[in-house]
Amino acid sequence: MFKKLLIANRGEIAVRIARACRELGISPVAVYSDADRASLHVRVADQAIHIGASPANESYLVIDKIIDAAKKAGAEAIHPGYGFLSENFAFAEAVEQSGLVLVGPPASAMKLMGSKTSARQIAEAAGAPVVPGTVMPLESIEHAQRVAEEVGYPVMLKAASGGGGKGMRLVRSRDEIASAFTLASSEAASSFNDPSVYIEKYIDSPRHIEIQLIGARFGNIVYLGERECSLQRRHQKVLEECPSPVVDSELRQRMGEAAVSIARAAGYQNAGTIEFLVDRDRNFYFLEMNTRLQVEHPVTELVTGRDLVHEQLRVAEGNKLSFSQEEIVMRGAAIECRIYAEDSENNFLPSPGRITKLVTPAGPGVRYDSGSYQGWEVPIHYDPLLAKLCVWAETREAAINRLARVLSEYTVEGIRTTVPFFRAVVRNEEFRRGEFDTGFIDRFWASRLNSPDPVGGDESKLADIAAIAAILHTRAGAARQEPGAATIESRWKLYGRVAQRK
Ligand code: MV4
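Residues in the sequence shown are numbered from 40 upward in steps of one, following this note's numbering.
In structure tokens form, the structure reads like this:
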């Protein structure tokens, strides 16, 4: 076992990783920026190393600072968590070259799956179903027109170096394709330093369902069921479940085996996720791979009883997996709510500030992964995820009822959060029946918030607007580096990707 591990992250995931280290007798070392001096991840570590100013590109995204910190601490391994440097190829290579161990995939596999077109080629070669379209970047407007005719409109143009919804364009008809191609390509060039664009057939009202897997050396790869991630707001996941209400054991096995073939073809090791789109007829299509531990991994852990971070650490040390495919049994249902410091009653506006009161939920079937505590001030520099509130129960219905109970116990004062949003979701009939697709949240929340006008004239609204202006002003420095990704998780991903191309 490693004796010491550096956690190259912050917030709830750094706390999560430190907990796994503690359980395995590994000493966790934290890193922190100016804004994180008093953060929880620093308090739970054995040692903490200051790595720079508050903006992530002066601290958590600086490869040399992370590697120097690991060496200074005498750590043998680095866990990158999610976001930040977790999917940055240059970082993976630098760690490999420094003689330290990355708790992550081989740099080569990260690179292969980081490009959407190369990931599609691998999936196709592995015999997995991919969304019809090109596996190579489009060469010209004429090429785009030809492929679009072949697969049939509507189609989507996507950036080869994009992901997570950024740089996508829906093209409904022949007359739109030329201008859409030119625009998508120049957008991709400015956002990702790579103008490559490819084409996919548009899948209407899909579900987003992903397979969790973990791989060790020599192609020893096991899948741990699926997660239902269709509940997203503007490409940002808000609530995830395991299992999916529409996946039965037969479909799970087919998706799982396809996912394992893809990972094996990429030479993948480490925890990873294969994302699929699932259409109304329950056909599934490979979308992309996430080569990291994901935010929503706890729902899989609750249903399979396996600890993905323990397992990541074991395989990073060169061991084989501690379980076989046949030993993976799914039991009951788990749901995760992402609790953000955002005001769900006011268009999810950021709500940083001091948490003056915090009453955290507990009781049977509750898991609460948090990077915050009462008295802590939520920094404005990073992703505003405060905590992940997860429940487990024998059935999906019991899990929803438990979630309603847990949300009623949860109290956060001093800042606004997304808790009121989840209280509404658990009451929604379509959600309770499991009948939803990726468009559900935007429809549901729009219909609920048809009034009042979010930019009304009353004084509290004006105060909110002033607060937001102040936040945006402070964030402007970081925002300039940022290609404007739709989701926070993918914003982090993009920081890393763009950094590695520059
Ligand atoms: C699609 C699609 C429909 N057809 N691709 C959005 C995020 C990115 N990872 C892929 N996305 C989509 N790709 C084809 N060919 C619809 C979406 C999509 C979506 C996917 C998953 C979760 C939420 C979504 C919301 C809107 C659109």
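All C-beta atoms in this analysis are idealised placements derived from N, C-alpha and C, irrespective of residue type, glycine included.
CA nearest to the CA of Val550, picked from Glu62, Leu79, Ala47: With the chain covering only 40 through 541, there is no way to say anything about residue 550.
Three-state secondary structure (DSSP) of Asp85: DSSP places Asp85 outside both helix and strand once states are collapsed to three, so it counts as coil.
Distance between Leu442 and Cys429 (C-alpha atoms, nearest Å): Between the C-alpha atoms of Cys429 and Leu442 there is a straight-line separation of about 8 Å.
Val368 and Tyr449 closer than 8 Å at C-beta: No, the Cβ-Cβ distance between Val368 and Tyr449 is not below 8 Å.
Nearest residue (CA-CA) to Val405, options Gln136, Arg444, Pro119, Ala74: Ranking the options by Cα distance to Val405, first place goes to Arg444.
Nearest-angstrom Cα separation, counted from Arg58 out to Glu416: Spanning the two alpha carbons is a distance of roughly 22 Å.
For Arg49, the three-state DSSP class (helix, strand or coil): In this structure, DSSP gives Arg49 a state outside helix and strand, which the three-state scheme calls coil.
C-alpha distance - Ala198 paired with Ala227, whole-angstrom precision: Straight-line spacing of the CA atoms in Ala198 and Ala227 works out to 6 Å.
Identified DSSP bridge partners for Glu239: DSSP, once it has assigned bridges, lists Gly172, Met195 as partnering Glu239.
Proximity winner among Phe257, Gly264, Val210, relative to Lys240 (alpha-carbon distances): Ranking Phe257, Gly264, Val210 by Cα distance to Lys240 puts Val210 first.
Contact check, Ala148 vs Tyr307, beta carbons under 8 Å: Yes, they are a contact pair.
Under 8 Å between C-beta atoms of Ile117 and Ile102: No, Cβ-Cβ distance for Ile117 and Ile102 is not below 8 Å.
Delimiting residues of the alpha helix (DSSP H) encompassing Gly202: Here Gly202 belongs to no alpha helix (DSSP H), and DSSP marks it neither H nor E.
Reference Ser72; option with closest CA among Ile439, Glu126, His420: Among Ile439, Glu126, His420, the Cα nearest to that of Ser72 belongs to His420.
Close beta carbons around Gly473, own chain, < 6 Å, minus the five adjacent residues each side: Excluding residues within five positions, the ones whose Cβ falls inside 6 Å are Pro284.
Option in Ala297, Arg303, Ala108, Arg273 with minimal Cα separation from Phe257: Measuring from the Cα of Phe257, the nearest candidate turns out to be Arg303.
Phe461 vs Leu270 beta-carbon contact at 8 Å: With respect to the 8 Å criterion, Phe461 and Leu270 are not classified as neighbours on the basis of their beta carbons.
Contact check, Val317 vs Pro245, beta carbons under 8 Å: Yes, these two residues count as a Cβ contact at 8 Å.
Contacting residues, own chain, Cβ-Cβ under 6 Å from Glu163 (five flanking each side not counted): Residues Val169, Val174 of the same chain have their beta carbon placed closer than 6 Å to that of Glu163, with the five preceding and five following residues left out of the count.
4 or more residues per run - each alpha helix (DSSP H) lying fully within the region 324-385: Within the region 324-385, the complete alpha helix (DSSP H) runs of at least 4 residues are 336-343, 347-355.
Per DSSP, the bridge partner or partners of Arg309: It should be noted that the sequence gives Asn, not Arg, for residue 309. Answer is Gly254, bridged to Asn309.
Where the beta strand (DSSP E) containing Trp431 begins and where it ends: Start and end: 424-432.
Endpoints, beta strand (DSSP E) assigned at Ala69: Per DSSP, Ala69 belongs to the beta strand (DSSP E) from 66-72.
Phe315 (DSSP reduced to helix, strand or coil): Taken through DSSP and simplified to helix, strand or coil, Phe315 comes out as strand.
Endpoints, the alpha helix (DSSP H) within which Arg466 is located: No residue range can be given for Arg466, since it is assigned to no alpha helix (DSSP H) and is classified by DSSP as neither H nor E.
Cβ-Cβ distance between Val190 and Pro171 below 8 Å: Yes, the Cβ-Cβ distance between Val190 and Pro171 is below 8 Å.
Beta-carbon gap between Gly311 and Asn329 smaller than 8 Å: Against a cut-off of 8 Å, the Cβ pair of Asn329 and Gly311 comes out as a contact.
Beta-carbon proximity check, Ile253 vs Glu265, cutoff 8 Å: Taking 8 Å as the Cβ cut-off, Ile253 and Glu265 do not qualify as a contacting pair.
Integer Cβ distance of Leu388 from Gly120, believed to fall under 8 Å: Here Leu388 is actually not in contact with Gly120; their C-beta atoms are around 26 Å apart, not less than 8 Å.
Supposed close pair Thr457, Glu381 - CB separation, criterion 8 Å: Rounded, the Cβ-Cβ distance is 6 Å, consistent with contact.
Check: Leu196 C-beta below 7 Å from any heavy atom of the ligand MV4: No, the Cβ of Leu196 stays beyond 7 Å of every heavy atom of the ligand MV4.
Inter-residue Cα distance where the pair is Arg482 and Arg353: About 43 Å.
Pairwise C-alpha distance: Ser154 and Asp233: It is roughly 10 Å from the alpha-carbon of Asp233 to the alpha-carbon of Ser154.
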